[in-house]
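Numbering (UniProt numbering), first residue to last: 181 to 406.
From the three backbone atoms N, C-alpha and C, an ideal C-beta is built for every residue, glycine too.
Have a look at the structure below, then the notes.
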Ligand code: CTP
Ligand code: CA
């Protein structure tokens, strides 16, 4: 008789999680960023590790420190995040894009601190690469999880993004709801797949939400025979 240890559902899987908000430089001392705290991405990364995965965190600017037990790669901008994610893409089993990536960056960041002069200053912005969409178009065996933080039309935007970015799951939350969104320790998320709403989770901690998301991903991967 052999005592069988139940294998962890993500054992042997490589999971890449992006977290935080990217920083887009204006000059050496100034930048554009957003309110992402990093907490949701960190919770997902911890959950994936608990489920047995080999996890890499790609971390932009965050308001809390990444979990010490997880291998973290620090980046600033959307371009740097894209490079870090694509460098690992071929070996990635699950990519979780919890990061808030700046949609635009200053067109020509100044090499020196910009000096104050006239009453108005025009800052020209250019569009950043959409990391998730670009990789979604190239996906072969990878399982892609996108995130969407919205203030309105949650379901419509979530479904649009899931399709446009070729995601397997999309986790959406309404940031106007109390207990959901930026900086909080809790979240209220709806999870969608190509067929529609899969799970509507109540207000729970981001840690719990992270676990529910990664358990679902593990089930889906196993179901697909991967
Ligand atoms: N995302 C990305 N690269 C970008 C922008 C977004 O990989 N340049 C990813 C995010 O990490 C997230 C998902 O795409 O997982 C949705 O991000 P969101 O900002 O909600 O989508 P956008 O397509 O930028 O649409 P919006 O106009 O609502 O900002
Ligand atoms: Ca965006």
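Looking at the DSSP output, residue 324 sits in a beta bridge with 275.
With contacts defined as CB atoms closer than 8 Å, residue 243 and residue 363 qualify as a contacting pair.
Taking C-alpha positions only, residue 341 is separated from residue 352 by approximately 10 Å. Between the beta-carbon of residue 231 and that of residue 189 there is about 5 Å, and that keeps the pair under the 8 Å contact cut. In the three-state reduction of the DSSP assignment, residue 373 falls in the strand class, which pools E and B. In this structure, the C-beta of residue 346 stays at least 7 Å away from each heavy atom of ligand 1. Residue range 349 to 354 is occupied by the beta strand (DSSP E) that includes residue 350. With a cutoff of 7 Å, residue 283 counts as near ligand 2, since its C-beta is closer than that to a heavy atom of the ligand. Membership of residue 285 in the beta strand (DSSP E) is indicated by the continuous run 284 to 286. If you compare the alpha carbons of 272, 279, 228, 269 with that of residue 216, the shortest gap goes to 279. At the C-beta level, residue 396 and residue 349 come within 8 Å of one another. If you draw a straight line from the Cα of residue 257 to the Cα of residue 372, it is about 28 Å long. A distance of 8 Å or more separates the beta carbons of residue 339 and residue 273.
Remark: C-beta atoms of residue 197 and residue 240 do not approach each other more closely than 8 Å.
When the Cα atoms are used, residue 262 and residue 297 turn out to be separated by approximately 35 Å.
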